[in-house]
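A.B. asks:
There are 2 protein chains.
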Amino acid sequence: MQTEEKKYSPPGRIKIMNALSELMREKDFHSITTAEIAATAGVTEGLIYKYFKDKRDLLYQVLNGHFQTFHDHIVSKIQARKSSIEKLSVIIRTSMKSYAANRVFAKILLLEVRNSPNYFESDAYDMVKIYSRTILDIINQGMEAGEIRRDISAHALRQVILGSIEHACLGEVIFGKELDTDQVSEHICNIIFTGAKK
Amino acid sequence: MQTEEKKYSPPGRIKIMNALSELMREKDFHSITTAEIAATAGVTEGLIYKYFKDKRDLLYQVLNGHFQTFHDHIVSKIQARKSSIEKLSVIIRTSMKSYAANRVFAKILLLEVRNSPNYFESDAYDMVKIYSRTILDIINQGMEAGEIRRDISAHALRQVILGSIEHACLGEVIFGKELDTDQVSEHICNIIFTGAKK
DNA sequence: TAGATAAGTAAGTATTACTCACCAAGGTAA
DNA sequence: TTACCTTGGTGAGTAATACTTACTTATCTA
Chain Y
21 MQTEEKKYSP PGRIKIMNAL SELMREKDFH SITTAEIAAT AGVTEGLIYK
71 YFKDKRDLLY QVLNGHFQTF HDHIVSKIQA RKSSIEKLSV IIRTSMKSYA
121 ANRVFAKILL LEVRNSPNYF ESDAYDMVKI YSRTILDIIN QGMEAGEIRR
171 DISAHALRQV ILGSIEHACL GEVIFGKELD TDQVSEHICN IIFTGAKK
Chain V
21 MQTEEKKYSP PGRIKIMNAL SELMREKDFH SITTAEIAAT AGVTEGLIYK
71 YFKDKRDLLY QVLNGHFQTF HDHIVSKIQA RKSSIEKLSV IIRTSMKSYA
121 ANRVFAKILL LEVRNSPNYF ESDAYDMVKI YSRTILDIIN QGMEAGEIRR
171 DISAHALRQV ILGSIEHACL GEVIFGKELD TDQVSEHICN IIFTGAKK
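Taken in sequence, the protein lines are chains Y and V.
Under this note's numbering, the first residue of the first sequence carries the number 21, and numbering increases by one thereafter.
Under this note's numbering, the first residue of the second sequence carries the number 21, and numbering increases by one thereafter.
(1) Taking Cβ-Cβ distances shorter than 9 Å, what residues in chain Y pair up with D48(V)?
(2) Does any residue of chain V bring its CB to less than 8 Å from the CB of K217(Y)?
(3) So with CB distances below 7 Å, who are the chain Y contacts of H91(V)?
(4) Tell me K217(Y)'s beta-bridge partners as DSSP assigns them.
(5) L130(Y) and E186(Y): beta carbons closer than 8 Å?
(6) Taking all protein chains shown into account, do 16 or more other C-beta atoms lie within 10 angstroms of the C-beta of K149(Y), making it buried, or fewer, making it exposed?
(7) Alpha carbon to alpha carbon, how far is D48(Y) from E9(V)? Give it in angstroms, no decimals.
(8) Please classify T89(V) as buried or exposed, where buried requires at least 16 other C-beta atoms within 10 Å of its C-beta.
(9) Along the chain, where does the alpha helix (DSSP H) that runs through G85(Y) open and close?
(10) Pull out every residue of the stretch 152-172 of chain V whose Cβ sits closer than 7 Å to any Cβ of chain Y, in chain order.
(11) Which class does A102(V) belong to by DSSP, given the choice of helix, strand or coil?
(12) I'd like to know whether the C-beta of E132(V) is nearer than 8 Å to at least one C-beta of chain Y.
(13) Flag E25(V) as yes if its beta-carbon sits less than 8 Å from any beta-carbon of chain Y, otherwise no.
(14) In three-state DSSP terms, what is R134(Y)?
(15) Specify whether the stretch 56-68 of chain V and the stretch 29-42 of chain V touch according to this definition: at least 3 beta carbon pairs, one from each stretch, less than 8 Å apart.
(16) Where does T53(Y) fall in DSSP's three states?
(17) Within 10 angstroms of the Cβ of K127(V), are there 16 or more other Cβ atoms? Answer buried if so, exposed if not.
(18) Name the chain Y residues whose beta carbon is nearer than 9 Å to that of G196(V)?
(19) Let's see if you can read the secondary structure: which residues bound the alpha helix (DSSP H) around I194(V)?
(20) For H207(Y), go through chain V and note every residue whose CB falls closer than 7 Å to its CB, in chain order.
(21) Q81(V): buried (16+ other C-beta within 10 angstroms of its C-beta) or exposed?
(22) For S184(V), which residues in chain Y fall below 7 Å Cβ to Cβ?
(23) Kindly indicate which three-state DSSP category Y69(Y) falls into: helix, strand or coil?
The following block contains the structure:
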């Protein structure tokens, strides 16, 4: 029953995860205390450590939940598209939209987890690797299909895509700035695919 | 004497800042204790709070020091270059080189500070704004000079440049992977300036 | 209906960031 | 010289907070 054990979660677990998500809307992870989490969840502090190894593990599992739906959404969006350029464009636009729509998710992913080595052992990071792999595969397909230049590095292109998405969302995530995702993603695609040089 | 007051630093202050830099090579900021910092600095814990508002303020000031030399280096490197494309290329290459050469600096800048709102009030962040502004100015000059397309967003181009640099260095910073900065920066410039589409 | 297992509690404990009152050594002015 | 002020540094605390552990209550099933 290994596969199913993650599906059902006791109410306390859910409440704790929701509580952290809630609190992360206003505060950064470090200034949220376990007492606070327990209080907003309506459970006792000890219960947190029944379901999570430590406070950071809770964070990773919250991220994992968010990333799961994020990734499903991305996959469903690119399915219809045929060309690789189209697919990558959709990934850029959809990712930015998701980050903008779910700021807590973006905040955790972009600002809160990467500073700790344990994150890279977590289930959440496994999801990120899959997402990242998907992009690389599309790039390679695009090269084989003759849509994308073969003389550039596929890895570098992925870095450019991922970096652009993330950096473009930083202002929004950190300062709560409004972000016109359609317009900005359009601009970014334009630069990445057709180049900035005149 | 406001301008000079920063120049002279008592030995204890220097030792503390060096100690944190030292410790950050092996550990992430959160798992470094103030006791540890004081011990490696050879001073007492209380002295930290004589020179720094709190543990994070110490981190910001360490970053500020690193960023100062980083920025000076960048400025000196682009001075000789005439075209904007050249200047931006140099910025990309030099930034990546600096991040790779000084991993602690990169680690602090990319992973450790952005999660806390106070950072954005710090002197270190003021330096980042200047660096960021420099890039935007170069882009605008390039547009006026007819080197860079006018129909793309200057801000978006900056995001792409900064995001690409940072994301390309993440693997190196986090996992200590080797990174051929010359080659990777070359690839990135190629993509950004001439486009990925065939 | 017994008994195992899972969900949840309550009261700790050790660690750690931070404070505060104090000491020592120049430098300056009377 | 002496008095005193500023600056660099100390060391013993303190409150807060992440985490533990022994316990209770509910649920399920044989």
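We put the beta carbon where it would ideally sit given N, CA and C, even for glycine.
C.D. replies: If we stick to the structure as given:
(1) N135, S136, P137
(2) Yes - at least one Cβ of chain V is within 8 Å of the one on K217(Y).
(3) Neighbours of H91(V) on chain Y: none; closest Cβ ~19 Å, over 7 Å.
(4) DSSP, once it has assigned bridges, lists I168(V) as partnering K217(Y).
(5) Taking 8 Å as the cut-off, the Cβ atoms of L130(Y) and E186(Y) count as close.
(6) exposed
(7) For chain V, the structure presents residues 21 to 218; residue 9(V) sits outside this window and is missing.
(8) With a 10 Å radius around the Cβ and a threshold of 16 neighbouring Cβ atoms, T89(V) comes out exposed.
(9) 75-99
(10) G166, E167, I168, R169, I172
(11) The question names Ala, yet the displayed sequence has Lys at residue 102(V). In this structure, K102(V) counts as coil in the three-state DSSP scheme.
(12) yes
(13) At E25(V), the pLDDT of 36 sits below 50, so the modelled position is not reliable and the matter cannot be decided from this model.
(14) coil
(15) yes
(16) coil
(17) buried
(18) Neighbours of G196(V) on chain Y: none; closest Cβ ~11 Å, over 9 Å.
(19) 174-195
(20) I172, S173, A176
(21) When all chains shown are included, Q81(V) counts as buried.
(22) Q179, V180, G183, S184
(23) Helix, per DSSP.
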